[in-house]
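Numbering (our numbering), first residue to last: 221 to 358. Report on the structure given below.
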């Protein structure tokens, strides 16, 4: 039987201090990159508002074809608001119809989260012609 003895001193490895230095450097790089990524993050989250408003526009058009007027009530058109992140859900935008009449409607998506923490909340609107615009940029 051959006995081989491994010596711990001959193993190639990183020391704990070397690993800590690498982690600190990575942390600093992330902190430097994060502010530059915030506009990209805000833009990605605003896609939720645009998609939800587009969906609501389709529901309002269907309602208009049936009743020859637009509705002020989300439930009447069949729109169900997802639970907001402030209530433990996943939706970042509160959807509401702010104006409606026989020939027009305006719906608004208002962010419930300040994505870049500057005190300004993102707001999007859509009308009966499917013109979507960013009213307040975050």
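Think of the CB as a built atom: it goes at the ideal place given N, C-alpha and C, for glycine as much as any other residue. Predicted model only: the values in this text are computed from it and were never measured.
*Of all the options 279, 340, 330, which has the alpha carbon lying nearest to the alpha carbon of residue 294?*
279
*Straight-line CA distance for residue 286 to residue 277?*
14 Å
*Hey, would you say residue 328 sits closer than 8 Å to residue 345, going by beta carbons?*
yes
*Go ahead and label residue 336 buried or exposed: buried means 16 or more other beta carbons lie within 10 angstroms of its beta carbon, across all protein chains shown.*
exposed
*Taking only the alpha-carbon atoms, compute the straight-line gap between residue 319 and residue 246 and give it to the nearest angstrom.*
50 Å
*Output the boundary residues of the alpha helix (DSSP H) element that contains residue 268.*
236-287
*Smallest Cα separation from residue 297: which of 235, 315, 239, 311?*
315
*Does any heavy atom of the ligand FAD sit closer than 7 Å to the C-beta of residue 297?*
Among the ligands in the structure shown, none appear at all, so the ligand FAD cannot be discussed.
*Name the DSSP bridge partner or partners of residue 359?*
With the chain running from 221 to 358 in the structure shown, residue 359 is simply not present.
*Assuming residue 313 contacts residue 268 under a Cβ cut-off of 8 Å, what Cβ separation, rounded to an integer in Å, is found between them?*
6 Å
*Buried or exposed: where does residue 275 fall if 16 or more other Cβ atoms within 10 Å of its Cβ makes it buried?*
exposed
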